[in-house]
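Notes follow the structure.
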Amino acid sequence: MHPELAADLDRLPALLEETRQRAVAFLGGLDQRPVVTSAGAPAPVSLGDGGGIGLRAALAEFAERWEPRLSASAGPRYFGFVTGGATPAALAGDWLTAAADQNSNSSLDPAGQHLERETVGWLRELFGLSAAHTGTFVSGATMSNTVGLAIAREWLGERLGVDVAEDGAGALGRVRVLSGSAHSSIAKALSVLGLGRSALTAVPTLPGREAVDPAELERALAEADGPCVVVANAGTVNTVDFDDLRAIAALRERYDFWLHVDGAFGAFAALTPEHAGLVAGLDLADSVCVDLHKWLNVPYDSAVQFTRRRDLQARVFQNAAAYLGPLGEHPDLVHLTPENSHRLRALAAWFTLRAYGRAGHREIVERCVAGARALGEAVAGTDGLRLLAPVRLNVVCFTLAEDPTAERLADLAAEVAGEAFFTPTRYAGVPALRAAFSNWRTTEADVRRTAEALARAVVKSA
Ligand SMILES: *Cc1c(COP(=O)(O)O)cnc(C)c1O
Numbered sequence: 000m001h002p003e004l005a006a007d008l009d010r011l012p013a014l015l016e017e018t019r020q021r022a023v024a025f026l027g028g029l030d031q032r033p034v035v036t037s038a039g040a041p042a043p044v045s046l047g048d049g050g051g052i053g054l055r056a057a058l059a060e061f062a063e064r065w066e067p068r069l070s071a072s073a074g075p076r077y078f079g080f081v082t083g084g085a086t087p088a089a090l091a092g093d094w095l096t097a098a099a100d101q102n103s104n105s106s107l108d109p110a111g112q113h114l115e116r117e118t119v120g121w122l123r124e125l126f127g128l129s130a131a132h133t134g135t136f137v138s139g140a141t142m143s144n145t146v147g148l149a150i151a152r153e154w155l156g157e158r159l160g161v162d163v164a165e166d167g168a169g170a171l172g173r174v175r176v177l178s179g180s181a182h183s184s185i186a187k188a189l190s191v192l193g194l195g196r197s198a199l200t201a202v203p204t205l206p207g208r209e210a211v212d213p214a215e216l217e218r219a220l221a222e223a224d225g226p227c228v229v230v231a232n233a234g235t236v237n238t239v240d241f242d243d244l245r246a247i248a249a250l251r252e253r254y255d256f257w258l259h260v261d262g263a264f265g266a267f268a269a270l271t272p273e274h275a276g277l278v279a280g281l282d283l284a285d286s287v288c289v290d291l292h293k294w295l296n297v298p299y300d301s302a303v304q305f306t307r308r309r310d311l312q313a314r315v316f317q318n319a320a321a322y323l324g325p326l327g328e329h330p331d332l333v334h335l336t337p338e339n340s341h342r343l344r345a346l347a348a349w350f351t352l353r354a355y356g357r358a359g360h361r362e363i364v365e366r367c368v369a370g371a372r373a374l375g376e377a378v379a380g381t382d383g384l385r386l387l388a389p390v391r392l393n394v395v396c397f398t399l400a401e402d403p404t405a406e407r408l409a410d411l412a413a414e415v416a417g418e419a420f421f422t423p424t425r426y427a428g429v430p431a432l433r434a435a436f437s438n439w440r441t442t443e444a445d446v447r448r449t450a451e452a453l454a455r456a457v458v459k460s461a
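Taking numbering that gives the first Met the number 0, the leading residue of the sequence shown gets 0, the next gets one more, and so forth.
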């Protein structure tokens, strides 16, 4: 064994303890750290061709060169994109995932996939899905959407009497994917799947809304020649608008389509009685995407993909090899996602669900919604700022009252970046900023601190 490896093995308990202390210091310093910094990369260090420096020295170098540049994305005022943190239990689960280093893809070594199935069962209960849905862990909502649409592609083949897994997407001819306000990852998925970005057809939304107009969707379905795919959106990123899932599902009585629901973060509305109606009908979907590194607050990267047609999923993703078993009634995970090897990603979700339960995660969702409402009210009451859309759930979409150019908004965001982080967008043709609440640590005090920083920055920018 190389001497540095042998030495680190000898002092492994002490080194892991030092690593733990670094993590504790990082988390303890979240509040003091700028929420984002614009620092570039440090001066490069060459690997050289000799030995390394050992873990202890590597820790010290990381602490000096890289750690100061990291954002406080795990903290309570990182409102960019839709970003979750990591609950204590989720963090512990993620540490143990790396320590155990399982490849949970096959019944030859089954514990990991049994644990994933237990976790998927809990998630199904959380979102009100029936046992007709099976689920698989993947790396994020983009991957979940990609897998869902891959199953949809296979279903189109079944309808048209062609075998896409065998003969390729070309056998389908032109495919139509209808959606009101699809997330950008849908077009990316269609590109990956060989259906093409142009397969995505935007369907008009309700007036002043991002939710699809069911009458317009029906018109588009009537025009479509043959079976197609509908992507329903449960939680859009600008205004957290929801398509009427039951109304869309009811259209299947007259039209032949696969219903995929992108509920990346919106599916968490199911946890609160006040908002559960927004995702009524979710169980009727053929495939469902839910991100977990957003509102479940497990570390990156984690999402789940649910479907009613695991048989088609296995047709797409099966991996035949001598050492892998037959598909059988419960196909191994190696046959269900684009990956072959499969991290025990479910463990972080397992821990947070077990530790805090439905009530604990409901409290996170409700506190985030209350925080978004409070920031929305503060923005509406701040001279120089304007709310662009009502705060429907956990996102505040706002802009400058006067001359809201992308440049001026970027300056405003940069001015508050030490205190709070927002990401730019365009809504209804107007450049804007978004604040998305999805971190378990965010409190009323964070909302006040954010509102005050914004108010100061607006005065400065005037
Ligand atoms: C975040 C998001 C995605 C993409 O998620 P990743 O985890 O970044 O891949 C897809 N759809 C919606 C609605 C989202 O909010």
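Even for Gly, the Cβ is constructed at its ideal location relative to N, Cα and C.
Legend entry - Limits of the unbroken alpha helix (DSSP H) element including H259: Careful: H259 lies outside any alpha helix (DSSP H), inside the beta strand (DSSP E) at F256 to D261.
Inset, instruction - For A233, write down the residues that DSSP places opposite it in a beta bridge. - result: F241
Inset, instruction - Return the chain-ordered list of same chain residues with a C-beta closer than 6 Å to the C-beta of A219, the five sequence neighbours on each side being excluded. - result: L177 and V202
Inset, instruction - Indicate whether the contact test is met: 3 or more Cβ pairs, each with one atom in the stretch 126-142 and one in the stretch 361-381, closer than 8 Å. - result: no
Legend entry - Heavy atom of ligand 1 within 7 Å of D282 beta-carbon: no
Inset, instruction - Specify, as a first and last residue, the run of the beta strand (DSSP E) that R425 falls within. - result: T422 to Y426
Inset, instruction - Find the nearest neighbour of D30 within the set L171, D243, R448 and A405, judged by alpha-carbon distance. - result: R448
Inset, instruction - Reducing DSSP to helix, strand and coil, say where F264 ends up. - result: coil
Legend entry - CB of L205 within 8 Å of CB of R196, strictly: No, the pair does not count as a contact, with Cβ atoms beyond the cut-off.
Inset, instruction - Go ahead and label R123 buried or exposed: buried means 16 or more other beta carbons lie within 10 angstroms of its beta carbon, across all protein chains shown. - result: By the 10 Å Cβ count, R123 comes out buried.
Inset, instruction - Tell whether a beta-carbon distance below 8 Å holds between D242 and L128. - result: no
Legend entry - Integer Cβ distance of N393 from G84, believed to fall under 8 Å: Wrong, their Cβ atoms sit about 14 Å apart, outside the cutoff.
Inset, instruction - Can you tell me which of the three DSSP states S184 falls into? - result: In the three-state reduction of the DSSP assignment, S184 falls in the helix class, which pools H, G and I.
Inset, instruction - Please report how far the alpha carbon of V378 lies from the alpha carbon of Y426, in whole angstroms. - result: 16 Å
Legend entry - Where the alpha helix (DSSP H) through Q312 begins and ends: R309 to F316
Inset, instruction - Indicate, with yes or no, if ligand 1 has a heavy atom lying under 7 Å from the CB of V230. - result: no
Inset, instruction - Tell whether a beta-carbon distance below 8 Å holds between V44 and A71. - result: no
Inset, instruction - Compute the distance between the beta-carbons of L125 and R342, then report whether it is under 8 Å. - result: no
Inset, instruction - Could you name the residues that DSSP lists as bridge partners for L399? - result: L384
Inset, instruction - Have a look at the DSSP bridge pairing and note the partners of A435. - result: Note: A435 sits in a beta bridge opposite V394.
Inset, instruction - Check each candidate in A38, W94 and G120 and name the one with the smallest Cα separation from Q304. - result: G120
Inset, instruction - Can you give me the Cβ contacts of I185 inside the same chain, cut-off strictly under 8 Å, excluding the 5 residues immediately before and after it? - result: N144, L148, V176, S178, L199, V230 and D261
Inset, instruction - Check whether the Cβ of D290 lies closer than 7 Å to any heavy atom of ligand 1, and answer yes or no. - result: Checking the Cβ of D290 against ligand 1 gives yes.
Legend entry - Own chain partners of L277 with C-beta closer than 6 Å, once the 5 adjacent residues on each side are dropped: F241 and A268
Inset, instruction - May I ask you to check if the CB of A145 is nearer than 7 Å to at least one heavy atom of ligand 1? - result: The amino acid occupying residue 145 in the given sequence is Thr; Ala does not appear at that position. Every heavy atom of ligand 1 is 7 Å or more from the Cβ of T145, so no.
Legend entry - Own chain residues within Cβ distance below 7 Å of A347, not counting five before or after: Contacts found: A89, G92, D93, T96, V297, P298 and S301.
Inset, instruction - Using 7 Å as the cut-off, classify the Cβ of G139 as near or not near the heavy atoms of ligand 1, replying yes or no. - result: yes
Inset, instruction - Using alpha carbons as the reference points, say which of N232, G156 and V287 lies closest to R314. - result: G156
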